[in-house]
């Protein structure tokens, strides 16, 4: 996907966030979690991450039923990890129904130092 097209698509995704994405965004925005700044629907290489904290190199992906093909997600996760990102995947229903546990997992990942390299 061309860079300009990807940016346009990311903007469209920001306008059309899923219920779970909107719900999590209200808890991540404005440095509410561990004082870290998150971006939503942010282009990273050939992909668009649901949420990313650049400072902590953490990507959060919110998965629904469309993520039934593990090969696609595995390639994406491998590429992101190769770039130095940690990747957390959460199911839509967990974000809505188990918000505190999801936020605790994210906070733990933010607190975990990245390996030197």
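In full-length UniProt numbering, the protein residues as written are 1 to 117.
Glycine is no exception: its CB is placed at the ideal position from the N, C-alpha and C atoms.
Keep in mind that this is a model prediction, so the values were computed, not measured.
Item to check | Proximity below 8 Å, CB of residue 107 to CB of residue 34 | outcome: yes
Item to check | Same chain, Cβ closer than 8 Å to residue 15, neighbours up to 5 away in sequence not counted | outcome: none
Next on the checklist: Going by C-alpha to C-alpha distance, which of 47, 95, 3 and 101 sits closest to residue 77?
Outcome noted: 47
Checklist entry - Is residue 54 helix, strand or coil by DSSP? => result coil
Checklist entry - Taking the Cβ atom as the reference point for each residue, do residue 21 and residue 88 lie within a distance shorter than 8 Å? => result no
Checklist entry - Can you tell me the Cα-Cα spacing of residue 74 and residue 59, whole angstroms? => result 14 Å
Item to check | CB of residue 13 within 8 Å of CB of residue 44, strictly | outcome: no
Checklist entry - Any beta-carbon of chain C closer than 8 Å to the one on residue 7? => result Absence of chain C from the displayed structure is noted, only one protein chain being present.
Item to check | Backbone CA spacing between residue 51 and residue 42 [nearest angstrom] | outcome: 7 Å
Next on the checklist: Short of 8 Å in beta carbon distance, which residues of its chain neighbour residue 27, apart from the five on each side in sequence? Order them along the chain.
Outcome noted: 33, 99 and 103
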